[in-house]
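Reviewing the structure listed below.
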Amino acid sequence: GAVVSQHPSWVICKSGTSVKIECRSLDFQATTMFWYRQFPKQSLMLMATSNEGSKATYEQGVEKDKFLINHASLTLSTLTVTSAHPEDSSFYICSARDTAGWQETQYFGPGTRLLVL
Amino acid sequence: SQQGEEDPQALSIQEGENATMNCSYKTSINNLQWYRQNSGRGLVHLILIRSNEREKHSGRLRVTLDTSKKSSSLLITASRAADTASYFCATGLASGGSYIPTFGRGTSLIVHP
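In order, the protein sequences belong to chains A and B. Numbered per the numbering used here, the first sequence spans residues 15 to 131. Numbered per the numbering used here, the second sequence spans residues 28 to 140.
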C-alpha cells in the first residue's frame, strides 16, 4: 500500500524555538495532505488541510501564524510550529490522499512526537 | 468538530474471543472508515464501507453500517494479542471533490494472551 513518512519521529526542544515536521508521500502523489494533532488517549483533531501550490486551510481555533504549513510539491508538506511552548507538546500526524486512487482513503504517517520543555 | 463517537471507550477481552466496537455519527455521510492505531504510532486503514452498503468483510473483520440509525459496528473475530490497539471510526462527506474524515475518540482494545 501507499506509504507516508514523517520526519522527525520525535523531537524535544526548548520553549521559544521553532520546529519543522516533514510529511512525505513516498510512492504516490498527493495534492492534498492533512495535519492532525492528538493528545494522549484522545482522538485526532484536524488542524489544517494542506494543498499543493496554494495556501493551507486551517480549522477553526488553529492559529495559522503559529502552525505554518507549506506544501511545495506533490510529495512533501511541512508543518512548522513557531515559537513552541509546552502546551504545544503533542503527537502530530499527517496524512495524504492519493490523487490517483480512491479519494476517500487517506494514508497516515507514523506521527511525530513533540515535547517542548 | 468530531462526529463519530465510538463505544465502548475501552474493551478488555481474552485471546480467541470476539471484540465488537460501535460507532455513532450525526450527519449524512458518503462512507465510514475504520482505522487502527497502535500506541504512539500512526493510523492504519482497516476497511471502508459506503453509505449504500450494509455489511463488509475483510479477513477477521466484519463491519456493518446502519444509516437509519447512523451507526456502524466493527467486529474482530477470534481476537489475538496483536489486535491490541485503539480503533477509530471516521466519517466523511465528499463535497466539491474534497473529502475530510472526522474521527471519533476511539475504542481502546486490550486482548489478553
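Idealized CB from N, CA, C, for every residue including glycine.
Query	Result
Enclosing beta strand (DSSP E) for B:G119 [first to last residue]	112 to 119
Straight-line Cα distance separating A:T71 from B:Y208	Residue coverage of chain B in this structure runs from 28 to 140, which leaves residue 208 of chain B outside it and unanswerable.
Residue range of the unbroken beta strand (DSSP E) whose run includes A:F48	46 to 52
Same chain only: Cβ atoms within 6 Å of A:F42, ignoring 5 sequence neighbours per side	A16, D112
Under 7 Å from the C-beta of A:G75: neighbouring residues of chain B	Within chain B, no residue comes near A:G75; the closest Cβ sits about 10 Å away, beyond 7 Å.
Contact set for A:S29: own chain, Cβ-Cβ below 8 Å, skip 5 residues either direction	A98, H99, P100, V130, L131
Within chain B, partners of A:I107 - CB distance below 8 Å	G69, L70
Contact residues within the stretch 75 to 105 of chain B, judged by C-beta distance below 9 Å to chain A	L75, R77
Rounded straight-line distance, which links the Cα of A:L58 to that of B:K112	According to the sequence shown, residue 112 of chain B is Ala rather than Lys. Approximately 15 Å between the Cα atoms of the pair.
A:D102, DSSP secondary structure in three states	helix
Exposed unless 16 or more other CB atoms sit within 10 angstroms - verdict on A:R38	buried
Neighbour list for B:R63 in chain A, Cβ cutoff strictly below 9 Å	Here the premise fails: no neighbours, minimum Cβ distance about 10 Å.
Contacts of A:P124 in chain B (Cβ-Cβ under 8 Å)	R68, G69
Given B:D34 as reference, the closest of B:H139, B:V138, B:K53, B:G131 once Cα atoms are compared	B:G131
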